[in-house]
Amino acid sequence: MTRWTVEVPTRLYEEFARLSSGGRRAVHDVLDRLAVEPRDPTSSTEPIEGAELRRIDTEPAKDTGDRITLLYRVHPPREDSPGRVEVIFLLFGP
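Residue numbers (the numbering used here): 2 to 95.
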């Protein structure tokens, strides 16, 4: 059982809808990996104090070849609740 949940705020739903189907699959695959381990070796930390902010790129989308960048915050697990991966930004485009 995973000790992590992934949260995507409703304000990003429209951005996800704009992705190609291959782009949505690439994001899904990254979110699936982050639900297991948010400190994925392919992610990097962002220099900010007071929060663990990380960035990760998807594999190229199979239909467009685009890579999508997700900026997210890691909230560590507590005794009575799993940790959270909070998606903050989704960056894509030419």
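We treat Cβ as the ideally placed atom computed from N, Cα and C, and that holds for glycine.
From the DSSP output, in three-state form, read off Phe93 for me.
coil
Just to confirm the assignment, what range does the alpha helix (DSSP H) spanning Glu98 have?
With the chain running from 2 to 95 in the structure shown, residue 98 is simply not present.
Does the count of Cβ pairs from the region 59–71 and the region 11–19 closer than 8 Å reach three?
A contact between stretches requires three or more CB pairs, one per stretch, nearer than 8 Å, and the region 59–71 fails this requirement with the region 11–19.
Quick check on DSSP: helix, strand or coil for Ser82?
Three-state result, Ser82: strand.
On the DSSP bridge assignment, give the partners of Ser121 in chain order.
Not covered by the structure: residue 121. The range shown for the chain is 2 to 95.
I'd like to know whether the C-beta atoms of Ile49 and Tyr73 end up nearer to each other than 8 Å.
no
Of the residues Val37, Glu87, Pro61 and Pro83, the one placed nearest Ser21, counting alpha carbons only:
If we check each option's Cα against that of Ser21, Pro61 comes out closest.
Assuming contact is defined by CB atoms lying nearer than 8 Å, are Thr6 and Arg85 in contact in what I supplied?
The answer is yes: Cβ separation under 8 Å.
Which residues in the same chain have their Cβ closer than 6 Å to the Cβ of Lys63, if we skip the five residues on either side of it in sequence?
Gly23.
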